[in-house]
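The numbering of the sequence shown is full-length UniProt numbering, which starts it at 1 and goes up by one. For reference, the structure discussed in these notes is given below.
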Amino acid sequence: MHFDSGLLALLFVIIALFIGALVRHLLKGSQVPYTVALLILGIAIGLAHRGNAFTDNYTLIGETLSLASEIDPHLFLFLFLPTLIFESAFAMEVHLFRRMFTQIVILAVPGLMLAIWLTAELVAWVLPEHWQWSWALCLMFGALISATDPVAVVALLKEVSSRKRLETLIEGESLLNDGTAIVFFSLFYGWVLMEFSNPGEAITAPPWQAVAQFFVVVFVGLAVGLILGGLCILWIDRVFNDPMIEISLTIAAAYSAFFISENFHVSGVVAVVTLAIMFASVGRTRISPEVAGFLHHFWEMMAHMANTLIFLLVGILVAIRVPLDDKEAWLALFVLYLGIMAIRACSITVFMPILKRIGIGITYEKAVVLCWGGLRGAVSLALAMTVASSDIIPKQIGDHVLFLCAGIVVLTILFNGSTMGHVLKWLNLSSLPPGKQATVDKAQHEINRVLHDMLPKMMTSDFLKGADWETVKQGAKLQVLKECNSPTEITQDELHTAYLRRLLETERKHYWTQFSQGLIGKQATNKLVEAVEHALDGDPLIGPRNELFTTWRLPDWVEPLRQYNSWNKLLLKVYFRRLALGYDVARGFIQAQEALESHIDTLAPDAEIAVMVRQQVELNKRLTFERIESLRMSFPEIIQALQSQAATRLLLNRERAVINDQLKQAVLDKPEAQKLLNMVEERMAALQKESIFDKSQEQKLINDIPWARELKSKTREELTSWIEHTVYDAGQLICENQRPLNRIGIVSRGSITELYETRSDDNLEKVRTTIGPGETFALISLLTGKTNAQYVSDTPTDIMWLPVDKLKLLMNQDPNLTAVVCQLFKQLKSV
Numbered sequence: 001m002h003f004d005s006g007l008l009a010l011l012f013v014i015i016a017l018f019i020g021a022l023v024r025h026l027l028k029g030s031q032v033p034y035t036v037a038l039l040i041l042g043i044a045i046g047l048a049h050r051g052n053a054f055t056d057n058y059t060l061i062g063e064t065l066s067l068a069s070e071i072d073p074h075l076f077l078f079l080f081l082p083t084l085i086f087e088s089a090f091a092m093e094v095h096l097f098r099r100m101f102t103q104i105v106i107l108a109v110p111g112l113m114l115a116i117w118l119t120a121e122l123v124a125w126v127l128p129e130h131w132q133w134s135w136a137l138c139l140m141f142g143a144l145i146s147a148t149d150p151v152a153v154v155a156l157l158k159e160v161s162s163r164k165r166l167e168t169l170i171e172g173e174s175l176l177n178d179g180t181a182i183v184f185f186s187l188f189y190g191w192v193l194m195e196f197s198n199p200g201e202a203i204t205a206p207p208w209q210a211v212a213q214f215f216v217v218v219f220v221g222l223a224v225g226l227i228l229g230g231l232c233i234l235w236i237d238r239v240f241n242d243p244m245i246e247i248s249l250t251i252a253a254a255y256s257a258f259f260i261s262e263n264f265h266v267s268g269v270v271a272v273v274t275l276a277i278m279f280a281s282v283g284r285t286r287i288s289p290e291v292a293g294f295l296h297h298f299w300e301m302m303a304h305m306a307n308t309l310i311f312l313l314v315g316i317l318v319a320i321r322v323p324l325d326d327k328e329a330w331l332a333l334f335v336l337y338l339g340i341m342a343i344r345a346c347s348i349t350v351f352m353p354i355l356k357r358i359g360i361g362i363t364y365e366k367a368v369v370l371c372w373g374g375l376r377g378a379v380s381l382a383l384a385m386t387v388a389s390s391d392i393i394p395k396q397i398g399d400h401v402l403f404l405c406a407g408i409v410v411l412t413i414l415f416n417g418s419t420m421g422h423v424l425k426w427l428n429l430s431s432l433p434p435g436k437q438a439t440v441d442k443a444q445h446e447i448n449r450v451l452h453d454m455l456p457k458m459m460t461s462d463f464l465k466g467a468d469w470e471t472v473k474q475g476a477k478l479q480v481l482k483e484c485n486s487p488t489e490i491t492q493d494e495l496h497t498a499y500l501r502r503l504l505e506t507e508r509k510h511y512w513t514q515f516s517q518g519l520i521g522k523q524a525t526n527k528l529v530e531a532v533e534h535a536l537d538g539d540p541l542i543g544p545r546n547e548l549f550t551t552w553r554l555p556d557w558v559e560p561l562r563q564y565n566s567w568n569k570l571l572l573k574v575y576f577r578r579l580a581l582g583y584d585v586a587r588g589f590i591q592a593q594e595a596l597e598s599h600i601d602t603l604a605p606d607a608e609i610a611v612m613v614r615q616q617v618e619l620n621k622r623l624t625f626e627r628i629e630s631l632r633m634s635f636p637e638i639i640q641a642l643q644s645q646a647a648t649r650l651l652l653n654r655e656r657a658v659i660n661d662q663l664k665q666a667v668l669d670k671p672e673a674q675k676l677l678n679m680v681e682e683r684m685a686a687l688q689k690e691s692i693f694d695k696s697q698e699q700k701l702i703n704d705i706p707w708a709r710e711l712k713s714k715t716r717e718e719l720t721s722w723i724e725h726t727v728y729d730a731g732q733l734i735c736e737n738q739r740p741l742n743r744i745g746i747v748s749r750g751s752i753t754e755l756y757e758t759r760s761d762d763n764l765e766k767v768r769t770t771i772g773p774g775e776t777f778a779l780i781s782l783l784t785g786k787t788n789a790q791y792v793s794d795t796p797t798d799i800m801w802l803p804v805d806k807l808k809l810l811m812n813q814d815p816n817l818t819a820v821v822c823q824l825f826k827q828l829k830s831v
């Protein structure tokens, strides 16, 4: 039976996935990295094919391997790179990436440029003269071989030491490094093509042109990622719990960003990294909580399959396509490998003084891991294949480029990748930091205690009392309860820092749990998580979190707009939304603090730090409750609306959980359960779109004011139509003493302080009075056009303003209104 190339490609994918599953299964408990094992197996398969092992008996496999070895390099990049880049950036901890961004950029841009130049010098010096490599060709090779691939290193770090900062630094550098390398490769590759297209003509491109092209390629790629990411996030924000749409959009967005950027000859890598970082930061709360976990697992699976295909394919390609009988090439390869490792170390060492002082700093041990972890992989090989498949570049040069690149890829993965575990052990990085290990020991001690508490009940159970309990303890590896002591080599400060960091990590996780359960909204989750991340910067801080209270206030840039009446309605709406957000933040914060209390004693290294943390948590709760109470006193309808919405959300969450439980227990069949779930989720989506502002902004009518009840209905209607609402934060100045004012104020909600001076026995005394809901102030402006007191809001306050000029006109028309105003003047303590 004859198979065309499409079916053979499908067969290769099927075989590769079977091999990947088998390798992963056999490597369980082994120290050999998965990607290294796949590469070795790929080389073995390729060598077997090269020796005609599949020619006679397994022709179908032979045809499949031949097709795989001739894969188009552009297809290779376009097929695999968006998946690998998006998954790596999407899974990254954005907070750490931001903190370390300057370090990552230094390594990925000036560090890479130095590595390219030094590699070009090395190549020009090492390679035989009769190979006739020009300076442009040396630079091109330096660019393509400088792209790093840390898959094996990061996977090993995650397994052995859980050092998030080092992982983020290595992965972040690799992501930007690949983008920079591809940009410079494209530039130098163009020069090489010009050389061979027009032999004898010198390349006259000035250095500034290369720099300008680099910035254009990078920043336009960044713009593509931002625009596409923003559009997709807006779309996903309008989708409620539909994994098919949300996951499909992330796939389409990642590949579209790469395709569009490359089509415009800008950096597809930068575009995809930008897109993924947007999804991992602002997009995280836009993705439905029910979909988020599955989305991460989906991309992990995509990346796993891509890595399986890539490393198997790289091994096969190298074994089939590289020449094995060129002694000069082999000698040049080994010298280049040693030189490139030295150049990697040099490019990091040169920038060490800067790297130590910016971001989160770097130790020499971690710098060694960075140097040794500079593995080369799929990107370098795909770029080399591009050169080898060119019709303009001579075949011999293309073959040499492919041989040297493939050889360095194999050597770095086999040697550096397989020995990284020993390097980490030698540098004492193969285990958790002492502070974190002490926290883990405390947690393990608590787990052991819980299991010991279970034993008495189990021993008296009718179904278990005949068990051999010594065997059970051995089988469960249940340890004898001992006092959990901290390691002697760690200082008290380090223990306390690790403990506080663990508590803050727990708090951050609790916010995401609240969000997934629908207890807090998107904006509140972002604010709370951001506050925790700021608390984690530098010395960890449990409390107080003053930055959370800024949520209750209008931004500073809004303040100048208050003087324009046309902005009042918009400002009022914005303010009430801020209050609603502040309440959501406060409620989520208090729930997290209460959850944190259950971990204080469990994880505390000593009683002193536990007492201190408990005091800080209590302070956090007290200050937040005070804010909530202040809001409740001023705007009870907002609290009522928010609490009603939260209660509805809890009931709907519970209803959905009950339906899912009944589905699992076969009380409901899937079609019936799905219909019920759709009905619940429709109500949840509608609740999410409900505006608190609409519920809380029922304007107080003028007839709620005591003195206005005596007026005619027509007069009250006139006054109502003139009212302008302005909301002030607690402690905010409403108007200064002796300043021009052309309106009188009525407190609608909240309270304000009136501060004025009065003379008594030739002495000036300052008098303070409190003005509450329904009371009028600044009435003197009706006569003098200015104030005679200073007014400051005590709580969040809603003021209704009546313009003086219109009030005077109405007083001329309605004697009853004039009488009421005169009565108000008589009641004033100070005029």
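Virtual Cβ for every residue (Gly too), placed ideally from N, Cα, C.
Residue i, DSSP secondary structure in three states
i: T102; result: helix
i: H510; result: helix
i: L779; result: coil
i: T148; result: strand
i: L38; result: helix
i: V322; result: coil
i: G745; result: strand
i: L733; result: strand
i: K712; result: coil
i: Q738; result: coil
i: R286; result: coil
C-beta atoms of residue i and residue j nearer than 8 Å
i: V123; j: I182; result: no
i: S288; j: N241; result: yes
i: I771; j: S793; result: no
i: L34; j: R50; result: A small correction: the amino acid at residue 34 is Tyr; Leu does not occupy that position in the sequence shown. Taking 8 Å as the Cβ cut-off, Y34 and R50 do not qualify as a contacting pair.
i: L619; j: G543; result: yes
Nearest to residue i (by Cα), restricted to the options the options
i: R654; options: L676, I413, C138, Y364; result: L676
i: Q688; options: L38, R238, L10; result: R238
i: Q823; options: L802, T784, T776; result: T776
i: T250; options: F219, I85, L331, C138; result: I85
i: V126; options: L331, T349, W299, R709; result: L331
i: L312; options: R627, Q662, L381; result: L381
i: L118; options: P82, D326, I348; result: I348
i: R357; options: R99, S598, A657; result: R99
i: T412; options: G374, L402, A789; result: G374
i: residue 838; options: P815, P740, M811, A37; result: The structure shown has nothing for residue 838, since the chain only spans 1 to 831.
i: G111; options: M92, S146, F141; result: S146
i: Y583; options: T550, R614, A136; result: T550
i: G315; options: E717, A789, K465, G42; result: G42
First and last residue of the uninterrupted beta strand (DSSP E) at residue i
i: M800; result: 797-803
i: I14; result: It is not in any beta strand (DSSP E) - I14 instead sits in the alpha helix (DSSP H) that spans 5-26.
i: K766; result: 763-771
i: S461; result: Element bounds for S461: n/a, residue is neither H nor E.
Own chain partners of residue i with C-beta closer than 8 Å, once the 5 adjacent residues on each side are dropped
i: S696; result: Only weak support exists for where S696 lies, its pLDDT of 41 falling under 50; the value from the coordinates is given anyway. Only F576, A580, F635, E637, I638, A641 meet the Cβ criterion.
i: T55; result: G62
Close Cβ partners of residue i (< 6 Å) along its chain, the five nearest in sequence each way excluded
i: L309; result: A16
i: L10; result: none
Extent of the continuous alpha helix (DSSP H) run through residue i
i: Y728; result: Per DSSP, Y728 belongs to no alpha helix (DSSP H); it is in the beta strand (DSSP E), 724-728.
i: Q396; result: 395-411
i: N660; result: 636-664
i: V532; result: 522-536
i: Y189; result: 164-197
i: S418; result: 418-426
i: S347; result: 327-350
Nonlocal neighbours in the same chain, by C-beta distance under 7 Å from residue i, ignoring five residues either side
i: H400; result: W131, A329
i: L623; result: P544
i: G6; result: none
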